[in-house]
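These notes concern the structure reproduced below.
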Amino acid sequence: MDPRDVRVLQERAVTKAALGDHEGGLADVSTAVQIDPNNANSLFRRGTILCMLERLEAGLTDLDKANELRPYHAYTLVWRGYVKSDQEDWAGAIADFDEAERYDSLGELSLMLRALAKGKLRMQGQANEGKVSD
């Protein structure tokens with residue numbers, strides 16, 4: 062196995078992250094990004110691992126670039142929506158969830174996250190109008 066093979070690095074990163082070694086996964090996928098900085102799969106994987114490590118801004122940057130390189134990838138849009146909802150950008154989250162649903166039905170997860178974001182946006186609007194207390 063060639064350790065500079067981008068696909069091998071991606072798969073190893075996913076395996077390490079799934080086993081709880083997020084930093085090890087991040088190191089592998091970062092090497093993959095260094096080898097091919099325009100590989101949308103590597104950027105998507107690094108973005109998700111960064112989000113798991115609660116490095117949301119860096120994760121969002123990678124997810125944005127992955128989306129630019131490969132638009133219409135529903136999972137990238139769902140992860141971006143998740144980050145935006147964590148940042149309380151409810152309108153942005155809803156837009157990403159809606160876009161993800163357009164390109165690939167992700168079933169319950171996408172619908173649930175979109176409903177949560179819409180509820181939070183609604184509450185935020187009511188709070189701004191004084192209808193809901195914090």
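Just add 61 to the spot in the sequence shown (first one is 1) and you have the numbering used here.
Glycine residues also receive a C-beta, built at the ideal position from the N, C-alpha and C atoms.
Which residues in the same chain as residue i place their Cβ atom closer than 7 angstroms to its Cβ, once the five residues preceding and following it in sequence are excluded?
{"i": "K126", "result": "L104"}
{"i": "S91", "result": "R107"}
{"i": "D89", "result": "L70, R73, A74, K77"}
Under three-state DSSP, which class holds residue i?
{"i": "Q148", "result": "coil"}
{"i": "G81", "result": "coil"}
{"i": "R107", "result": "helix"}
{"i": "L114", "result": "coil"}
{"i": "D159", "result": "helix"}
Report buried or exposed for residue i, applying the criterion of at least 16 other Cβ atoms within 10 angstroms of its Cβ.
{"i": "A188", "result": "Here A188 scores only 47 on pLDDT, less than 50, and its place in the model is too uncertain to base an answer on."}
{"i": "R163", "result": "exposed"}
{"i": "G180", "result": "exposed"}
{"i": "G81", "result": "exposed"}
{"i": "D97", "result": "exposed"}
Give me, in chain order, the residues of the same chain whose beta-carbon lies closer than 6 angstroms to that of residue i; leave out the 5 immediate sequence neighbours on both sides.
{"i": "T109", "result": "W140"}
Express the C-alpha separation of residue j and residue i in angstroms, rounding to a whole number.
{"i": "A79", "j": "R183", "result": "35 angstroms"}
{"i": "E155", "j": "T137", "result": "Per the sequence shown, the amino acid found at residue 155 is Ile instead of Glu. Spanning the two alpha carbons is a distance of roughly 14 angstroms."}
{"i": "Q148", "j": "F158", "result": "15 angstroms"}
{"i": "G196", "j": "E118", "result": "No answer is possible for residue 196: the residues shown for the chain start at 62 and end at 195."}
Who are the near neighbours of residue i in its chain, counting only those whose CB is closer than 8 angstroms to its CB and skipping five residues on each side?
{"i": "N99", "result": "L130"}
{"i": "H83", "result": "K77, I110, M113, L114"}
Would you please state the rounded distance, in angstroms, between the beta carbons of residue i and residue j? I believe it to be under 8 angstroms.
{"i": "A93", "j": "V67", "result": "5 angstroms"}
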